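Only one structure is covered here, and it is reproduced in the block below.
In the working numbering, the protein residues as written are 6 to 88.
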């Protein structure tokens, strides 16, 4: 089992959400189907970053926590293509 940290961007208001999942594509589908409470008001979402953290869930959680921080969000913004 391989854990991945992902970042998605709301096409509604450019909000960034960071999460962790074994299947980030399926998880983004859940975000877009309004099955995730914290993101359902900001659909649609587009995935723009996936990072494989291997089979260590603890490492993936640490990376997720970093990417949710201010400096982590600044890091992620480098991957966004201006519209």
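A virtual CB, placed ideally from N, CA and C, is assigned to each residue, including glycine. Everything numeric in this text was worked out from a predicted model, so none of it was measured.
The Cβ-Cβ distance between residue 85 and residue 23 does not fall below 8 Å.
Apart from sequence neighbours up to five positions away, the residues of its chain that approach residue 51 with a beta-carbon distance below 7 Å are 13, 14, 16, ordered along the chain. Note on geometry: alpha-carbon atoms of residue 33 and residue 62 lie some 19 Å from one another. Here residue 18 is actually not in contact with residue 54; their C-beta atoms are around 18 Å apart, not less than 8 Å. Measuring C-alpha to C-alpha distances from residue 36 to each of 79, 83, 28, 49 identifies 49 as the nearest. Close CB contacts of residue 29 within its chain, under the 7 Å cut and outside five residues either way in sequence, are with 9, 11, 52, 55 (chain order). Per DSSP, the continuous alpha helix (DSSP H) segment holding residue 80 begins and ends at 75-82. Within the stretch 13-39, the complete beta strand (DSSP E) segments of 3 residues or longer fall at 21-26, listed in chain order.
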